[in-house]
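Q:
Protein chains in written order, with UniProt numbering: chain A, 1 to 381; chain B, 1 to 166.
Rendered as structure tokens:
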């Protein structure tokens with residue numbers, strides 16, 4: 001069957017290009033009214049400190065994506081809108097509020113009810129726990145509740161994800177380590193898949209950036225961070241809906257660790273280059289010092305933002321395209337967005353590896369900079 | 001930025017840091033160190049194996065050349081020995097020859113001497129015999145001659161004549 005002499009993917013690209021023109025024309029005329037209604041309803045609902053499900057499909061998807069990007073206090077795969085039933089399981093809530101308060105997230109009923117524990121009342125609002133009175137009323141100011149927030153050490157979905165990945169990594173890599181002894185120096189089992197990656201991290205990330213002499217003490221951190229980010233990125237692509245590496249807190253903690261390790265293992269030469277740059281006129285040294293000092297903080301900051309932004313963007317785009325399927329509700333549009341989602345998922349796997357690589361690579365680069373030996377003046381870049 | 005700060009969860013941060021640092025330490029002890037050690041050991045092993053193979057090859061070559069050298073030496077030695085043996089043999093033959101000749105000559109000499117002495121002895125005996133025989137003959141002749149007077153006087157005269165002449 002020949003439709004046209006043009007290559008097939010050209011036609012596909014054309015179809016995709018025209019898709020938004022067709023799709024946006026259809027539902028927009030009546031959605032505004034519903035949206036307004038939905039907004040009114042959510043405002044009304046938020047006054048009561050309770051969520052209301054927006055009716056409009058687009059707003060619902062947006063809400064769903066936003067909800068997904070946040071950490072969650074319970075683990076739900078699916079929810080039935082009409083009956084309000086959620087399928088999944090509750091996670092433990094641990095609060096520091098005059099001693100540890102320990103209860104199950106099921107008490108919140110998916111953020112719809114006020115949880116009472118030991119005579120204190122708590123409300124879950126946008127995945128944050130606020131202390132309230134018995135009515136569960138939140139005092140809002142500029143759209144943010146001003147109620148007291150007890151320190152929240154809950155085992156959230158992200159913590160669960162981290163724990164799972166930590167456990168998985170421990171099992172995989174200890175089994176790899178044991179297989180060497182058992183098998184006469186040759187890896188066997190599941191861990192064997194990761195042996196080339198371990199070698200890659202050593203030979204192409206650690207040694208070229210840090211140097212043959214000093215790379216060893218950083219290997220544990222580099223390997224752990226590489227596989228940790230990689231596994232969590234991949235976990236984020238599973239339908240369980242984890243978004244751990246797309247969480248600002250996680251990337252911040254990783255970046256802070258890189259910063260701390262760089263700072264505490266750096267040699268005299270590194271600090272010399274920051275506070276008293278050799279080879280430039282003295283007045284310039286005073287100007288360069290604060291810039292260089294700021295640079296040391298900007299480097300890990302960029303690490304943090306890069307990973308966070310990449311993962312969030314990936315999740316948002318992927319979920320939006322999946323959401324498009326439900327907006328189109330036509331077999332051409334939906335199947336096209338399915339194809340697009342499929343292609344993007346594959347791209348996201350690449351991104352998962354790439355971001356893990358970049359984070360590890362740049363960490364190694366910063367460690368290497370902190371450990372650079374003094375060369376000739378003209379060797380500096 | 002405000003959203004980021006708003007999203008920051010201190011509890012999650014603490015959990016993450018605790019779990020992650022714990023994971024690094026645990027993996028360092030139970031995974032990374034043994035894995036990297038095993039890999040290093042394996043790489044060293046491969047390097048050593050290659051090196052020793054190379055060395056073995058070199059050694060083989062050395063051995064081969066040594067063998068050849070030894071063989072050549074052995075051959076030379078054999079040749080030398082043979083030559084020496086031949087020389088000794090020749091010398092022995094010569095010596096034997098010379099000795100034999102000398103002995104022969106000596107024996108001939110002795111024989112000659114013996115022959116001469118025998119001959120002398122025989123000659124002497126012969127002389128004795130001849131003299132005694134001639135004496136006997138002379139005695140008999142004289143007795144015959146002296147049996148008549150005339151003949152005696154004639155003889156004495158003749159003899160006297162001879163003696164005068166002497």
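By construction, the Cβ of each residue, glycine as well, lies at the ideal position given by its N, Cα and C atoms.
Going by alpha carbons, who is nearest to residue 368 of chain A out of A:222, A:228, A:234?
A: A:222
Q: Judging by CA-CA distance, which residue of A:331, A:159, A:315 is the nearest neighbour of residue 18 of chain B?
A: For the residues A:331, A:159, A:315, the minimum Cα distance to residue 18 of chain B belongs to A:159.
Q: Who pairs with residue 115 of chain A in a beta bridge, going by DSSP?
A: Note: residue 115 of chain A sits in a beta bridge opposite A:122.
Q: Note down, in chain order, every chain A residue with its Cβ under 8 Å from the Cβ of residue 44 of chain B.
A: Result: empty, since nearest Cβ-Cβ is about 10 Å, beyond 8 Å.
Q: With a 10 Å radius around its C-beta and 16 neighbouring C-beta atoms as the bar for buried, classify residue 331 of chain A as buried or exposed.
A: It is exposed - the Cβ of residue 331 of chain A has fewer than 16 other Cβ atoms within 10 Å.
Q: Which ranges does the beta strand (DSSP E) cover as unbroken runs of at least 3 residues, wholly within the region 148 to 190 of chain A, from first to last along the chain?
A: Whole beta strand (DSSP E) segments, 3+ residues: zero.
Q: Using the C-alpha atoms, what's the distance from residue 355 of chain A back to residue 56 of chain B?
A: The straight-line gap separating the alpha-carbon atoms of residue 56 of chain B and residue 355 of chain A is approximately 48 Å.
Q: Anything in chain A within Cβ reach of residue 4 of chain B, meaning under 9 Å, just list it in chain order.
A: Result: 248, 252, 305, 308.
Q: Do three or more CB pairs link the region 278 to 297 of chain A to the region 216 to 232 of chain A at distances below 8 Å?
A: no
Q: Going by DSSP, what residues sit across from residue 94 of chain A in a beta bridge?
A: A:102
Q: Within 8 Å (strictly less), CB to CB, does residue 52 of chain B reach chain A?
A: no
Q: At which residues does the alpha helix (DSSP H) containing residue 249 of chain A begin and terminate?
A: 248 to 265
Q: Looking at chain A, is there any beta carbon in it that lies within less than 8 Å of the beta carbon of residue 61 of chain B?
A: Nearest CB-CB separation between residue 61 of chain B and chain A: not below the 8 Å threshold.
Q: Taking residue 189 of chain A and residue 175 of chain A to be in contact with their CB atoms under 8 Å, please state how far apart those CB atoms are, rounded to whole angstroms.
A: Contact between residue 189 of chain A and residue 175 of chain A holds: their C-beta atoms lie close to 6 Å from each other, under 8 Å.
Q: Roughly how far, in whole angstroms, is the beta-carbon of residue 58 of chain A from the beta-carbon of residue 327 of chain A, given that I think they are within contact range, below 8 Å?
A: Yes, they are in contact, since the Cβ atoms of residue 58 of chain A and residue 327 of chain A sit about 6 Å apart, within 8 Å.
Q: What does the alpha-carbon distance come out to for the pair residue 118 of chain B and residue 129 of chain B?
A: 16 Å
Q: Is residue 152 of chain A close to chain B, meaning its C-beta is less than 8 Å from at least one C-beta of that chain?
A: yes
Q: Taking C-alpha atoms, which residue in A:353, A:231, A:232, A:148 lies nearest to residue 130 of chain A?
A: A:148
Q: Rounded to a whole number of angstroms, what is the C-alpha to C-alpha distance between residue 319 of chain A and residue 65 of chain A?
A: Their Cα atoms are separated by approximately 7 Å.
Q: Give me the Cβ distance between residue 155 of chain A and residue 239 of chain A, rounded to the nearest whole Å; I'm assuming they're in contact under 8 Å.
A: Actually they are not in contact, since the Cβ atoms of residue 155 of chain A and residue 239 of chain A sit about 21 Å apart, beyond 8 Å.
Q: Need the endpoints of the beta strand (DSSP E) that residue 215 of chain A sits in, please.
A: DSSP places residue 215 of chain A outside any beta strand (DSSP E), giving it a letter other than H or E.
Q: Quick one: Cα of residue 127 of chain B to Cα of residue 142 of chain B, how far?
A: Straight-line measurement puts the Cα of residue 142 of chain B at about 21 Å from the Cα of residue 127 of chain B.
Q: If residue 261 of chain A and residue 296 of chain A are in contact, beta carbons under 8 Å, what's the gap, nearest whole angstrom?
A: The pair is not a contact, with the Cβ atoms about 12 Å apart (cut-off 8 Å).
Q: Need the endpoints of the alpha helix (DSSP H) that residue 128 of chain A sits in, please.
A: It is not in any alpha helix (DSSP H) - residue 128 of chain A instead sits in the beta strand (DSSP E) that spans 128 to 132.
Q: For residue 193 of chain A, would you say it is in contact with chain B, using Cβ-to-Cβ distances shorter than 8 Å as the test?
A: no
Q: List, in chain order, every chain B residue whose beta-carbon is nearer than 7 Å to that of residue 198 of chain A.
A: 35
Q: Residue 107 of chain B: buried (16+ other C-beta within 10 angstroms of its C-beta) or exposed?
A: exposed
Q: Which term fits residue 103 of chain B, buried or exposed, when burial requires 16 or more other beta carbons within 10 angstroms of its beta carbon?
A: Looking at its Cβ environment, which holds fewer than 16 other Cβ atoms inside 10 Å, residue 103 of chain B is exposed.
Q: Around the Cβ of residue 311 of chain A, are there at least 16 other Cβ atoms within 10 angstroms (buried) or fewer (exposed)?
A: buried
Q: Over what stretch of residues does the alpha helix (DSSP H) that includes residue 205 of chain A continue unbroken?
A: No alpha helix (DSSP H) holds residue 205 of chain A; DSSP gives it neither H nor E.
Q: Across the region 89 to 103 of chain A and the region 118 to 125 of chain A, are there enough close Cβ pairs to call them in contact, namely three or more that are closer than 8 Å?
A: The region 89 to 103 of chain A makes contact with the region 118 to 125 of chain A; the number of CB pairs closer than 8 Å reaches 3 or more.
Q: Taking just the CA atoms, how far does residue 92 of chain B sit from residue 131 of chain B?
A: Distance between the alpha carbons of residue 131 of chain B and residue 92 of chain B is about 57 Å.
Q: CB-CB under 7 Å to residue 137 of chain B, same chain, minus the five flanking residues each way: which ones, in chain order?
A: none
Q: Please decide whether residue 180 of chain A counts as near chain B, where near means a Cβ-Cβ distance under 8 Å.
A: yes
Q: Check the C-beta distance from residue 11 of chain B over to residue 124 of chain A and give it rounded, since I have them as a contact under 8 Å.
A: Taking 8 Å as the upper bound for CB-CB distance, residue 11 of chain B and residue 124 of chain A are not in contact here, some 14 Å apart.
Q: Under 8 Å between the Cβ atoms of residue 321 of chain A and residue 352 of chain A?
A: no
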